[in-house]
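Enquirer: So in numbering that gives the first Met the number 0, spot 378 of the sequence shown is number 377, and the numbers just go up one at a time.
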Amino acid sequence: MRLSLSSNRWSRSLLLLVCALLFLSGLPVSSEARSHAERNSARRLMAEMSEDEIEETEETEETDSARETGSDDDPEEVFDFRMTNFENADLDDESDDAVSDDESDDADAGRVSKSKKRSSATRSSSKNGEKKKGSASGSSSPKKRPDSKTDREDDERNDQKSGVKTRKKDSGKSSASGSRSGKSSRTKSKRNAKKEAEPEDTRTPEEKERDRRAYFEQTGIWRWPELTETQIETEIEKQKKYLEEIKAKFPRTVYYESEHFFYLTDAPKPIALECMKYLEAMFARLCEMFEFPKGSRVWHGKCIVCAFAFQQDFLRFEQEFFGATANKFTGASGLAHMSSDGNVLISLFYGNISTMAERWRFIGVLVHESTHGFMHRYRARQSLPLWLEEGIADTMPAVIVPADRQAALKQRSGLNQMRQTGSVGGLMQSAGPLEAWQYGVASGLVQFMLKQNPHGFKEFLDSIKDGKDWVEALKETYRCTPEELLFHFGRANRIPRLTF
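#1: Are the beta-carbon atoms of Arg222 and Arg378 separated by less than 8 Å?
#2: Do the CB positions of Val445 and Met417 come within less than 8 Å of each other?
#3: Just the C-alpha distance for Phe282 and Thr324, rounded to the nearest angstrom, thanks.
#4: CA-CA distance, Ile352 and Arg358?
#5: Going by beta-carbon coordinates alone, are Met427 and Pro495 separated by less than 8 Å?
#6: Report the partner residues of Arg222 according to the DSSP bridge assignment.
#7: Restricting to runs no shorter than 4 residues, where is the alpha helix (DSSP H) found entirely within the segment 317-401?
#8: Pick from Val400, Arg284, Pro384 and Ala392: whose alpha carbon is nearest that of Ser462?
#9: With Ala247 as the anchor, note down where its alpha helix (DSSP H) starts and where it stops.
#10: Would you kindly work out how many angstroms separate the C-alpha atoms of Glu208 and Pro224, rounded to a whole number?
#11: Whose CA, out of Leu344, Lys457 and Ser422, lies closest to the CA of Ile391?
#12: Tell me the rounded alpha-carbon separation between Pro401 and Glu273.
#13: Are Glu368 and Gly333 close, meaning C-beta to C-beta below 8 Å?
#14: Thinking C-alpha only, which one of Phe249, Ala271 and Ala430 is nearest Glu256?
#15: For Ala266, name the three-state secondary structure that DSSP assigns.
#16: I'd like to confirm the pairing. Which residues does DSSP put opposite Ser257 in its beta bridges?
#17: May I have the straight-line CA-CA distance separating Glu577 from Met448, to the nearest angstrom?
#18: How is the beta strand (DSSP E) around Ile303 delimited, first residue to last?
#19: From what residue to what residue does the alpha helix (DSSP H) around Thr500 run?
#20: Count the other C-beta atoms from every protein chain shown that fall within 10 angstroms of the C-beta of Val366, then say buried if there are 16 or more, exposed otherwise.
#21: Within 10 Å of its beta-carbon, does Thr203 have 16 or more other beta-carbons around it, so buried, or fewer, so exposed?
#22: Can you find the residues in the same chain that come closer than 7 Å, C-beta to C-beta, to Phe488, ignoring five residues on each side of it along the sequence?
#23: Mind reading off the beta-carbon distance from Gly372 to Ile345? Whole number of angstroms is fine, and I expect it under 8 Å.
#24: What are the start and end residues of the alpha helix (DSSP H) that includes Met448?
#25: I'd like the list of long-range same chain contacts for Arg380, defined as Cβ closer than 6 Å, with 5 residues on each side in sequence excluded.
#26: Pull up the DSSP beta-bridge partners for Thr476, would you.
#27: Here's the rule I'm using: 16 or more other beta-carbon atoms within 10 Å means buried, otherwise exposed. How should Met355 be labelled?
#28: Out of Glu319, Glu236, Leu314 and Phe289, which one is the CA nearest neighbour of Gly330?
#29: Tell me whether Val98 sits in a helix, a strand or coil according to DSSP, three-state version.
#30: In whole angstroms, what is the alpha-carbon distance linking Ser295 and Leu226?
#31: If we count the other Cβ atoms within 10 Å of its Cβ and call it buried at 16 or more, is Gln437 buried or exposed?
#32: For Arg284 versus Met395, is the C-beta spacing smaller than 8 Å?
#33: Just to confirm, are Ala306 and Leu347 a CB contact at a threshold of 8 Å?
#34: Can you grab the Cα-Cα spacing for the pair Glu430 / Trp386, in whole Å?
#35: Could you name the residues of the same chain whose beta carbon sits closer than 7 Å to that of His375, not counting the 5 residues immediately before and after it, in chain order?
#36: If you drop the 5 nearest sequence neighbours on each side, which residues of the same chain put their C-beta closer than 7 Å to that of Lys464?
Structure representation (structure tokens):
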């Protein structure tokens, strides 16, 4: 009896040992097979995805990776610029008093669900022989090769159906998927339609000048004249003589010339050329934002930039060429001089730029002040409200010089201040100097408005430059009041009932 029990015990132990060995030996094979299957599945999915979805996936992965590897110096939180419908705003809805984290999670889940639907809709459309990715021009290929008899029969049935039904079906898929490419194409088509609707200006320079002066007599708004090529060359020669006068006072300086800028400095040539590269990038971005035709001349000649290494040289330059007292701008590192005749000159001192952080900070100030000069030359001499002017000027460094963290830090400070007080601290009525955190709120508001309607933002500025009050211009272009604008801006950033 004892021998039988012992034999059974050894048999069970041996059986368990054999099973364990088989299980362990099967693990690598199973893992390798699973990895191989996942790679094949990923390849098929990537082949079926559209180009826009691939870019969106890569951007999401880069963002997630940046969050995982982000340094402690990065801002913890910046503004949220989610799309908002300004119209039909109900400011008395008590359900909007607070935006909870659960609601945000639900919204995120909804976005994930939409992304999944978009991928599935794209895969199904690819299988049915519809327009595929890889068509750079956006036109469908005339050659279709059904992969199977079933696909061929489906194509024949689709050909027998009416074109109206097919278009309705396709548009339904597009709206259900909510793809970014569909939205961008619709936005571009609307913008192109607006441009095509605008008649071509066939007036001669003399007729334009006559109409401009007549407009001034009627409205009191002085629109900048369009200079001829000869007039532009004349102004550029005057500016070169002016730069020679500055060089005579500051012998260590040298000036460089680009397509739209003169850059006078005592900094080494590589740094000067790098700064000019960012200035030209800023100019191109603003021209794109305000829909200038390619090759447009904005400046009265060119924009002059004078950058000095030491603050005492900067102050002496201000005193000798602009009559400023030495103690008037002791706290400023950059100034934008904008004359009534259209000339623009930017003066700065860069100080110690031995570290990359200080260099990026200086380039950020350079872009900020030069943006002020551009806005002075935009359309007419009429000034913008302070919050809008500074918001645009602080937006450009965030776009052109992302390595400069000053704009992001000011936005984080502004977000924290708004959450503590529930207001923007009188920003939109202010006519005096702004606090640092208010610069962040101003740039956040501008970026929020650009996100909602880029073309509407241009029309908003055009109306102000043509003499309309900014509140009325906001109602006409964005269909909302300042109170509604702040309401939606606050709601997007989890600040219910944001006020002035």
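Where is the CB? At the ideal position from N, CA and C, for every residue including glycine.
Expert: Checking against the coordinates, here is how it stands:
#1: yes
#2: no
#3: 31 Å
#4: 5 Å
#5: no
#6: Ala379
#7: 355-376 and 385-399
#8: Pro384
#9: Glu228 to Lys248
#10: 7 Å
#11: Lys457
#12: 15 Å
#13: yes
#14: Ala271
#15: coil
#16: Answer by DSSP bridge pairing: none, since Ser257 is not bridged.
#17: It is not possible to answer for residue 577, since the shown part of the chain is limited to 0 through 499.
#18: Cys302 to Phe307
#19: The chain is shown from 0 up to 499; residue 500 falls before or after that span and cannot be answered.
#20: buried
#21: exposed
#22: Leu444, Phe447 and Leu497
#23: 6 Å
#24: Ala435 to Gln451
#25: Trp221
#26: Beta-bridge pairing links Thr476 to no other residue.
#27: exposed
#28: Leu314
#29: With a pLDDT of 41 at Val98, under the threshold of 50, the modelled position of this residue cannot be trusted, and the question is left open.
#30: 11 Å
#31: buried
#32: yes
#33: yes
#34: Sequence check: residue 430 is Ala here, not Glu. Rounded to the nearest angstrom, the two C-alpha atoms are 9 Å apart.
#35: Met337 and Val343
#36: Tyr377, Arg378, Ala379 and Gln381
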